[in-house]
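Contents: one structure, followed by commentary.
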Amino acid sequence: MIFVYLRGHDFRYEVNELIKVFYFDTAIEFIENKVFPDEKSLLIVSDMASTTNEVSVITEVFRGKKLIFSDTIEDITKIDVKENNKNKIAKLAVKQSIFNALAKINPIKVPWGVLTGIRPTKIVHDLLGKGIEEKQVNNILTKEYKLHESKANLTLDIALAEKEILDKVDYNKFSLYVNIPFCPTRCLYCSFLSNPIDKYGDLVDTYTDKLIYEIHKIKVLLKDKTIDTVYIGGGTPTALPAKNLDKIIKNIYEAFGKEHIREFTVEAGRPDTITKDMLLMLHQNDIKRISINPQTMCEKTLFLIGRNHTPQDIIDAFQLAKNIGFEIINMDIIVGLPEEGPEEVKATMNEIMKLNPENLTVHTMAIKRASKLKESLDDYSLTTQNTIEEMLSITRSYAENMSMYPYYMYRQKQILGNFENVGFSKQGKECIYNILIMEEKQTIIAAGAGGITKIYYPKENRIERVPNVKDLKEYIDRVEEMIQRKEKYIKTLT
Ligand SMILES: C[S@@+](CC[C@H](N)C(=O)[O-])C[C@H]1O[C@@H](n2cnc3c(N)ncnc32)[C@H](O)[C@@H]1O
Ligand code: SF4
């Protein structure tokens, strides 16, 4: 157990997230009075004190009554991250000091330093936007945010690659996300909205109709704005019958004008949903970018994680899609799947290299609370931090050999070994939508159960999130309310 006592500040959320990085599975409790715990527990005291001239931060860590480490930052104004917001500096100071203390007590690798958010590149975009030179950005990342050199370089490289695309984005346009919360079956590790299509099949037609209704209403709300990119994701959009997906795509074109859409992705995903008819329908609708996701090319693991398809199904689906003429195919894999090590990752990458897709997204396994894996964790052996690092490095080398470069990135909570997810692309084949959703620089309107709209205000450089309900039946019953929720914010866009 870890008890935490905060004095002089209330950065409870940030402190909690940082402690979890060091102590993944230990319970954390915030207490209102400083009380020493039992000998097995830790007490972390984080104190912020002000004099007339200076603000200082002290972290003390006790095991039982014994002080085992303390760290002091005498004057937080010396933290130079080119930031005027005092609250942000104070938050960083508290995190730095706790980081210093915990890194001594539990010396695991913490590649992302004090960063606990899911978008590390945002900091780099802010710094570059303030005219800070690349070398100094790198210094700030390693010295103040305490990133390992390799992660600082990766973040900077990705931010610079994104910048080229972001600089050309029209912030007055919007992108559309359509959520299809159905899957053939639920994979062991997954916590996304994924209603088994067999169980909820009778709702599929009603869901399709409500979704189309929402799409047309969105058009009415956004009548003066032009669409930019479209992403149909899930779940597994191709779990729908082809005629339903066809209807959805045609209605998107009808509502927003096909000629305005510069990129249209359909996340096909599971090979067991990818038939020739489905691919022909997508191709006839001019969809140029799809995903065919192996996760792994090892048959044993595919069975273990409940994917319901073989490696050969992946190869067949990929070749079929290429023969039909899809320009960009993305493949998702997960590093750190149960019972997998470097050999399995090499085998997976060898097979992917033969297929030679345009995009590859490498996820690091995250143990999600709402997944079946979390419930049955004791039944599986998961990998150590060093092995994950080795496996990620294998994927990077293969990506390089396929002439791909890292072009977007995000982190997740409960990610194994504190690593990250990276999207690789061949030059000129990047998914613009993926960058937009990560960097939050354009309004993204979401339709469907579980979709989260993000309204972007360029002048203030901030977003407002407007979620749709997640439950299928709730969505069907309350679609009108979902539209009204969005209307309130869309009206505030100039
Ligand atoms: C929203 S899912 C949809 C993909 C599609 N339904 C499929 O399974 O092929 C997008 C990707 O997230 C990744 N993913 C899902 N759960 C994950 C987890 N717990 N840890 C790491 N990656 C995960 C998988 O690589 C998956 O392809
Ligand atoms: S990984 Fe894909 S197919 Fe599997 S449950 Fe999640 S969304 Fe569905």
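In this note's numbering, the protein residues as written are 6 to 499. For glycine and all other residues, C-beta sits at the position ideal for the given N, C-alpha and C.
Distance cut-off 6 Å: A371 Cβ against heavy atoms of ligand 1 = Yes, Cβ of A371 sits closer than 6 Å to a heavy atom of ligand 1.
Which partner residues does M53 have in the DSSP bridge list?
-> Paired residue(s): V62.
Straight-line gap, K222 to F197 (C-alpha atoms, nearest Å) = The alpha-carbon atoms of K222 and F197 are separated by roughly 26 Å.
Taking all protein chains shown into account, decide if V225 is buried (16 or more other Cβ within 10 angstroms of its Cβ) or exposed.
-> With fewer than 16 Cβ atoms within 10 Å of its Cβ, V225 is classed as exposed.
Cut-off 6 Å between Cβ atoms - residues of its own chain near E169, not counting five sequence neighbours on either side = There are no such residues.
Okay, do the stretch 364–372 and the stretch 315–326 touch, 3+ Cβ pairs below 8 Å being the bar?
-> Judged by Cβ distances under 8 Å, the stretch 364–372 makes no contact with the stretch 315–326, as fewer than three pairs qualify.
Just reading off the beta strand (DSSP E) that T366 is part of, what are its end residues?
-> It spans N364 to T369 - the beta strand (DSSP E) in which T366 sits, taken as one unbroken run.
Inter-residue spacing [alpha-carbon to alpha-carbon] between I78 and M396 = Taking the straight line joining both Cα atoms gives about 37 Å.
In three-state terms, what does DSSP make of S102?
-> For S102, the three-state secondary structure derived from DSSP is helix.
Please check the pair I185 and L245, which I expect to be a contact at CB under 8 Å, by giving their CB distance rounded to whole angstroms.
-> About 6 Å; that satisfies the 8 Å criterion.
Mind checking which residues open and close the alpha helix (DSSP H) that includes G134?
-> In the DSSP annotation of this structure, the continuous segment of the alpha helix (DSSP H) that includes G134 starts and ends at T126 to G134.
Identify whether K418 lies in helix, strand or coil by the three-state DSSP scheme.
-> Three-state result, K418: coil.
Starting from A452, follow its DSSP beta bridges and name the residues at the other end.
-> Answer is V183.
Can you give me the start and stop residues for the beta strand (DSSP E) that D237 sits inside?
-> According to the sequence shown, residue 237 is Ile rather than Asp. Where I237 is concerned, the enclosing beta strand (DSSP E) stretches over I232 to G239.
Report the rounded CA-to-CA distance for R12 versus N423, giving the unit in angstroms.
-> One Cα belongs to R12, the other to N423, and the distance between them is close to 28 Å.
T211 - DSSP class collapsed to helix/strand/coil | Three-state result, T211: helix.
Pocket of ligand 2 defined by Cβ to heavy atom distance under 6 Å = Having a Cβ closer than 6 Å to some heavy atom of ligand 2 are C188, R191, C192, C195, F197, S199, G239, G240, T241, G274 and R275.
When the Cα of R470 is compared with those of D476, L477 and Y462, which residue comes out closest?
-> Among D476, L477 and Y462, the Cα nearest to that of R470 is on Y462.
Please list, in chain order, all residues of the same chain as T306 whose beta carbon is under 6 Å from its beta carbon, the five residues on each side excluded.
-> So the list reads L342 and E345, once near-sequence residues are dropped.
Beta carbon of N298: closer than 6 Å to some heavy atom of ligand 1?
-> Answer for N298: yes, Cβ within range of ligand 1.
Integer-rounded CB distance, given that N406 should sit under 8 Å from M358 = The pair is a contact, with the Cβ atoms about 7 Å apart (cut-off 8 Å).
With hydrogens ignored, establish whether the beta-carbon of H14 is closer than 6 Å to any heavy atom of ligand 1.
-> Because no heavy atom of ligand 1 lies under 6 Å away, the Cβ of H14 does not count as near it: no.
Which residues in the same chain as I232 place their Cβ atom closer than 8 Å to its Cβ, once the five residues preceding and following it in sequence are excluded?
-> These residues qualify, in order along the chain: K178, F179, S180, L181, F261, G262, H265 and I266.
Specify, as a first and last residue, the run of the beta strand (DSSP E) that T82 falls within.
-> First-last for T82: undefined, no H or E at that position.
Hey, is the stretch 59–72 in contact with the stretch 43–51, meaning 3+ C-beta pairs nearer than 8 Å?
-> Cβ pair count under 8 Å is three or more, so yes.
Close beta carbons around P159, own chain, < 6 Å, minus the five adjacent residues each side = Going by the sequence as given, residue 159 is Leu instead of Pro. Within the same chain, L159 has no close Cβ partners at all.
For K230, collect the residues of the same chain with a Cβ closer than 6 Å to its Cβ; drop the 5 residues on either side in sequence, then sort them by chain order.
-> The residues are F179.
DSSP three-state call for A273: helix, strand or coil?
-> Residue state, collapsed to three classes: strand.
Within 10 angstroms of its Cβ, does Q101 collect 16 or more other Cβ (buried), or is it exposed?
-> Answer is buried; the Cβ neighbour count reaches 16.
In whole angstroms, what is the alpha-carbon distance linking L287 and V271?
-> Cα-Cα distance, rounded: 8 Å.
Give the C-beta separation of T190 and N92 to the nearest angstrom, bearing in mind that I take them to be a contact with Cβ-Cβ under 8 Å.
-> Not really, about 46 Å apart at Cβ, beyond 8 Å.
Measure the beta-carbon distance from K506 to I137 and round it to whole angstroms, keeping in mind my assumption that it falls under 8 Å.
-> The structure shown does not extend to residue 506, since the chain is modelled only from 6 to 499, so the question has no answer here.
Pick helix, strand or coil for R401, following the three-state DSSP scheme.
-> Helix.
Starting from Y462, trace the beta strand (DSSP E) both ways and give me its first and last residue.
-> Per DSSP, Y462 belongs to the beta strand (DSSP E) from I457 to Y462.
Got a sec: does ligand 1 put a non-hydrogen atom nearer than 6 Å to the Cβ of D337?
-> Yes - ligand 1 has a heavy atom lying nearer than 6 Å to the Cβ of D337.
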